[in-house]
Each structure stands twice: as C-alpha cells, then as structure tokens.
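**Student:**
Put into structure tokens, the structure is as follows:
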C-alpha cells in the first residue's frame, strides 16, 4: 500500500505523455516535490491516466483536486478500474465506488488479534477481516461464526422464507443474526404488514446477491494474486542476485515492501522501470536497517460493540452483529423509536 500516490502515477503519466515530451525530469512522488508539471497537464491526458488505474489508484488520486474533478465528470473510470482486477463486482447497496474499493482492497483490523492486515475480508456480509495467522482459527475464536449452507437454513427453526433461500453456496453468517431475522419476519407475519415484509425481502435479497458475487470473485482473485505474487518474487530474486544480497532483505525496505504489496494487490507485474524509480531509496533503507533495530510494535486489543442498544442484556437483539440485520430489527421491533428519530428507508 503506497503512503502517497507515486509510482503508479509516474509510470502511467510517462506512458501517456511520452508522445508529447521526449525528455522529462525524474519524478518519484507527487508530494514533497514540484508537482506542477503533473497537476497542470490537460484533462484529456489525466483521463488517459485514470483509465489505466486500479481501484486503489483511484482512491489515492481522488484526494487530489485535479484528479477528483475528472473522476466526477467521468465515473466510467471506476468501471474500467474494476475490470482491471478480474471484473470486481459493482458496489453493494448504499455503497459508493470509493467506499467499495476501500472496503475490498484497503485492509483493516483483524477481528481476532486487532492487528493491521491487508487480507481480503473473511466475510463481506459481516464485514469481518482476519489476518493470515488468525484466519485458520477464526471459526473457533469468533463466537457464533460459521458457514451456513442452504439445507441448514431451510431446516433451521422453520426459516423457509425466500431471501435466505437464494444462498446456494456457503456464506459466512452468525446463528444469532439468522434467528433475529426470523423473529422479525414472524412479527411482520403476525401484523400482516406488507410494507415491512417488502423491506425485509428486498433488502436482504439485494444484500445477499451482492455478497455472493463478492465471495465468488474473491476465490478467483486470491488464486490470481498468488500467481502474480510468485512471478514478482522471481523478479525480486533476479534483482537480489544482481545486487549480491538475499532477496528477502529487499522486503525489509518499507518503501519496496509497500510497492510489492500494491503490485500484488492490483495483479500487476514488477518491471525494470519500476525498480529503477525506487532503487536508490530502497538501497538506502536497507543500509539503514542494518544499523537500527526497530522496537517491537505494541497494539492495544480493541473490541467492537454490536447489537441493539434498546434491547435488554441477554436477548437476541443485543447480540446482533450484522448492520443490515440490526437495521431491520430496529425497524420491525422498535418502530416507535425508529420513527421518533426521523429514520426512514
């Protein structure tokens, strides 16, 4: 993950305007240098750059006014970016393209050990992310987390209504969330409330469709990422052989480690030009790490609060973890509170 939008901008900017400018100064970062040549290029060239970017490239560039303006005028750049990573599915309900890209690629906090991780989410429906180490034991360490298949859902507590029946493959859910949704649906049936039934069925169906599409994409993405990572590792070994150092030492450079992670994330292959742009900085950092030993990193364990805060302790509502389930629970089980705060669909 880049600390600032740098390497991909330089590379794509050079390839886009090489037909206009035969020679150009060496640029390695948009910040800390004179960025006027980049920021003053015409919108047509900027659009050419943006159409070659990955989703996370656009996330970084959207923080810069000149790029953000072109992105707002040409939202199709996001579709092109999603196509570059094995046709990433479109954003889920109520998510923007920017939020969608951050959720999928930016990384976050491991739900088990609270350490930072770049791993793809374990569950897109529950928004749960685990690091590579904790992923192996997540089902034991996260209470109630399990894989629920269609036959189990149909046979569980008389839950036979349509939205959850479209889950044809295993999707990570929690027992308590399934029970809470069943309770909401029972109340709706007792009240014969067609409006709330419509809210439940359509919202859950949309949510489930989006999550299944992301889960299917995740499997293909992880396989392709592993193949790209193997090729980039071979490139690192060649570079390390030429420098006569161990290739693993290259990854001790914070700059190069972030670059390799970003290329793997975007399913892109490292090349000689990419190495030439950062080699001086990387070698300086390697020399520095030989002299300095960083102190161990201590991260306090954080726990997230879930559940309906209106319900009493020990009830099903208090244990809900999924935001969509919590929304429907509040809409059905606490309509007066919902209306008093001016909330609507």
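Residue numbers (the numbering used here): 15 to 359.
By construction, the Cβ of each residue, glycine as well, lies at the ideal position given by its N, Cα and C atoms.
Quick caveat, the model's predicted, so the values are computed rather than measured.
1. Apply the 10 Å Cβ neighbour rule to residue 64 and answer buried if 16 or more other Cβ atoms are within range, or exposed otherwise.
2. Measuring straight from C-alpha to C-alpha, what distance separates residue 195 and residue 345?
3. Taking DSSP as the reference, what is the three-state secondary structure of residue 63?
4. Put residue 334 into one of helix, strand or coil per three-state DSSP.
5. Determine the extent of the alpha helix (DSSP H) in which residue 262 is found, giving its start and end residues.
6. Is the region 243-253 touching the region 263-274, taking contact as three or more C-beta pairs under 8 Å?
7. I need the straight-line Cα distance from residue 210 to residue 351, nearest angstrom please.
8. Determine, using beta carbons only, whether residue 60 and residue 84 come nearer to each other than 8 Å.
9. Relative to the C-alpha of residue 118, which residue among 108, 328, 132 is closest?
10. With the cut-off set at 8 Å, would you say residue 68 and residue 280 are in Cβ contact?
11. If I'm right that residue 198 touches residue 347 with Cβ under 8 Å, what's the distance once you round it to whole angstroms?
12. At the level of alpha carbons, what is the spacing between residue 62 and residue 81?
13. Report the partner residues of residue 233 according to the DSSP bridge assignment.
14. Secondary structure at residue 321, three-state DSSP: helix, strand or coil?
15. What's the C-alpha gap between residue 149 and residue 136?
16. Let me check understanding here. Comparing Cα to Cα, which of 230, 294, 129, 138 lies closest to residue 100?
17. Can you tell me which of 66, 300, 284 puts its alpha carbon nearest to the alpha carbon of residue 96?
18. Does DSSP put residue 122 in a helix, a strand or coil?
19. Which of helix, strand or coil does DSSP assign to residue 350?
20. In this structure, how does DSSP classify residue 137 when only helix, strand and coil are distinguished?
21. If you run the structure through DSSP and keep just helix, strand and coil, what is residue 130?
22. Could you please give the first and the last residue of the uninterrupted alpha helix (DSSP H) stretch that includes residue 282?
**Tutor:** Taking the geometry as given:
1. A residue is called buried when at least 16 other Cβ atoms come within 10 angstroms of its Cβ; residue 64 meets this threshold and is buried.
2. Going from the Cα of residue 195 to the Cα of residue 345 covers about 11 Å.
3. Looking at residue 63 - three-state DSSP - the assignment turns out to be helix.
4. Coil, per DSSP.
5. Its alpha helix (DSSP H) spans residues 261-264.
6. A contact between stretches requires three or more CB pairs, one per stretch, nearer than 8 Å, and the region 243-253 meets this requirement with the region 263-274.
7. Distance between residue 210 and residue 351, taken at the CA atoms: about 16 Å.
8. Result yes, Cβ atoms of residue 60 and residue 84 sit closer than 8 Å.
9. Distances from the CA of residue 118 to each of 108, 328, 132 were compared; the closest alpha carbon is that of 132.
10. Yes, they are a contact pair.
11. For a cut-off of 8 Å, the C-beta gap from residue 198 to residue 347 is around 7 Å, short enough to register as a contact.
12. One alpha carbon belongs to residue 62, the other to residue 81, and they sit about 11 Å apart.
13. In DSSP, residue 233 forms no bridge with anything.
14. In the structure shown, residue 321 sits in coil (DSSP, three-state: anything other than H, G, I, E or B).
15. Straight-line Cα distance between these residues: approximately 8 Å.
16. Of the listed residues, the one whose Cα sits closest to residue 100 is 230.
17. The residue from 66, 300, 284 with its alpha-carbon nearest to that of residue 96 is 66.
18. Residue state, collapsed to three classes: strand.
19. Three-state DSSP puts residue 350 in a helix.
20. In this structure, residue 137 counts as strand in the three-state DSSP scheme.
21. In the structure shown, residue 130 sits in a strand (DSSP, three-state: E or B).
22. Boundaries cannot be given for residue 282, as no alpha helix (DSSP H) includes it and DSSP labels it neither H nor E.
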